[in-house]
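Q:
In our numbering, the protein residues as written are 8 to 200.
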């Protein structure tokens, strides 16, 4: 993980290009540290404030399978989508980047992956956004992991990483019928109690 409460970083999400936290990140962290003593830097490893636990922010209804890696099966057995998301800061064009782009779809096909966003120009509404966004959709997390860990993708990945800086994550989608108000209520209850 790129950061934690312990070392004062928030996974790079709230950090500016110069390494400083954006104002929203600082304000959120100050409020969290003020309200949740466990979140203060220097607390024992492994302790997270109640407002940040999976039980509080988990969008998945009770009864869904959980484990080290959350499953993607809804109670009715229908799979939930998953996404590979990358924030990339390309350098000058290079022939290896062109080759990577030419070859990536062949690595996605066996896993049902397809591009939703591929480097389109973004319209920045908050903060700064240097670089490009890539979003690839998969039928479920198992296939997203399978693609990223596949020998075919491992073979072409250096073609991109040698020339483009950035971050990439795999993330499960929310289930059909997800209600953010339920998550907000859980967060509010945890903060109060």
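Ideal Cβ placement from N, Cα and C applies to all residues, glycine included.
I need the boundaries of the alpha helix (DSSP H) containing residue 162, first residue and last residue.
A: From DSSP, the alpha helix (DSSP H) with residue 162 extends over 158-168.
Q: If you draw a straight line from the alpha carbon of residue 147 to that of residue 106, how long is it in whole angstroms?
A: C-alpha separation (whole angstroms): 27 Å.
Q: Counting only the same chain and skipping the five closest in sequence on each side, list residues whose C-beta sits under 6 Å from that of residue 159.
A: The answer, listed in chain order, is 114.
Q: Kindly list the residues whose CB is nearer than 6 Å to the CB of residue 163, restricted to its own chain and excluding five residues on each side of it in sequence; keep chain order.
A: If we look at residue 163 and ignore the five residues flanking it on each side, its Cβ neighbours are 107 and 110.
Q: Return the Cβ separation of residue 95 and residue 138 in integer angstroms, given the expectation that the two are a contact with Cβ distance under 8 Å.
A: Residue 95 to residue 138, Cβ: 5 Å. Contact.
Q: What would DSSP say about residue 189, mapped onto helix, strand or coil?
A: Helix at residue 189.
Q: Residue range of the alpha helix (DSSP H) that residue 106 falls in?
A: Run containing residue 106: 102-115, per the alpha helix (DSSP H) assignment.
Q: If you draw a straight line from the C-alpha of residue 187 to the C-alpha of residue 102, how long is it?
A: Cα-Cα distance, rounded: 44 Å.
Q: Measure the Cβ-Cβ separation of residue 178 and residue 89 and say whether it is below 8 Å.
A: For residue 178 and residue 89, yes; Cβs fall inside 8 Å.
Q: Would you tell me roughly how many angstroms separate the C-alpha atoms of residue 1 and residue 170, rounded to the nearest one?
A: Absent from the structure is residue 1, since the part of the chain shown begins at 8 and ends at 200.
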